[in-house]
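Everything on this sheet refers to the single structure shown next.
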C-alpha cells in the first residue's frame, strides 16, 4: 500500500490509504485546459463603430465615478481654465477631462446634469495653446496630450468672431463642446484620473 500521492507524484491532497495493484496506473486526474481566444467586434456600415466596452471594476475615491479605466470627479467651485487644469493634475495622472468618444461625452454630460444645478458650462481639457495662430482653428488639443480625434463643436471655432482658447462642455446644449470667450472666466470643472 502506498499513501496518497507519494508514488505517482500526484499533487492532490491525500485522502487516506489506497490499494493499487502491481502494474496498474491510477486513474487519470481531470485537468483544465485554457484556450486563449480573440473576440473581434465588428460593425456593419451605418452602425455606431464607437461602442464602448464595459469598464473593469475599479474603485474610485468618494465623490468620483468610474468610467472605463478612469475616475471622474466634478468640482463645483469655479476656477479659471489654468487653475482647473492644475487642480486636476494634483491627482494621479490627472487632467481636465478629455472627451474621446460620443459615449464618453454622454457619460460626462450625465455626470454634470446629475450633479450641477446651474446652467454653467464646465471646463474640459480642450484648449488652443497657439491662441488661434493655426489656420482653421487647427491648434486645438487635449491638455492630457490625448489625440484629438473626436470633437462635437456647438459652434465651429473658426466661425466665432471673438474666440477664446479654452474648451468647455455646455450644460445647456446637453453635451456639445464650445469655446470659452476667455480662459480667465470661472467655471466648474471635471477631472479624470487613475486610481
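In our numbering, the protein residues as written are 331 to 525.
For glycine and all other residues, C-beta sits at the position ideal for the given N, C-alpha and C.
Quick check on residue i: does DSSP put it in helix, strand or coil?
i: residue 455; result: strand
i: residue 396; result: strand
i: residue 340; result: Low confidence applies to residue 340: its pLDDT is 45, below 50, so where it sits in the model is not reliable enough to give any reading.
So which of the options has the shortest CA-CA distance to residue i?
i: residue 521; options: 477, 460 and 453; result: 453
i: residue 424; options: 482, 455 and 460; result: 455
i: residue 443; options: 391, 406 and 398; result: 406
i: residue 513; options: 469, 434, 494 and 451; result: 494
i: residue 436; options: 457, 480, 416 and 391; result: 480
i: residue 431; options: 519, 477, 498 and 516; result: 477
i: residue 416; options: 404, 459, 462 and 473; result: 473
i: residue 429; options: 517, 499 and 461; result: 499
i: residue 395; options: 470, 440, 447 and 462; result: 440
i: residue 400; options: 461, 451 and 388; result: 388
Where do the N-terminal and C-terminal ends of the alpha helix (DSSP H) with residue i fall, by residue?
i: residue 401; result: No alpha helix (DSSP H) contains residue 401, which is instead part of the beta strand (DSSP E) from 400-409.
Between which two residues does the beta strand (DSSP E) containing residue i stretch?
i: residue 519; result: 517-523
i: residue 440; result: Premise fails: residue 440 lies in the alpha helix (DSSP H), 432-445, not in any beta strand (DSSP E).
i: residue 498; result: 496-500
Which partner residues does residue i have in the DSSP bridge list?
i: residue 472; result: 456
i: residue 426; result: 521
Among the residues of its own chain, which have a CB less than 8 Å from the CB of residue i, if the five just before and after it don't count?
i: residue 475; result: none
For residue i, which residues in the same chain have their Cβ closer than 6 Å to its Cβ, ignoring the five residues on either side in sequence?
i: residue 524; result: 422 and 423
i: residue 496; result: 411, 457, 510 and 513
i: residue 418; result: 424, 425, 426 and 521
Could you pull out every residue in the same chain whose Cβ sits closer than 7 Å to the Cβ of residue i, ignoring the five residues on either side in sequence?
i: residue 392; result: none
i: residue 427; result: 402, 438, 454, 455, 520, 521 and 522
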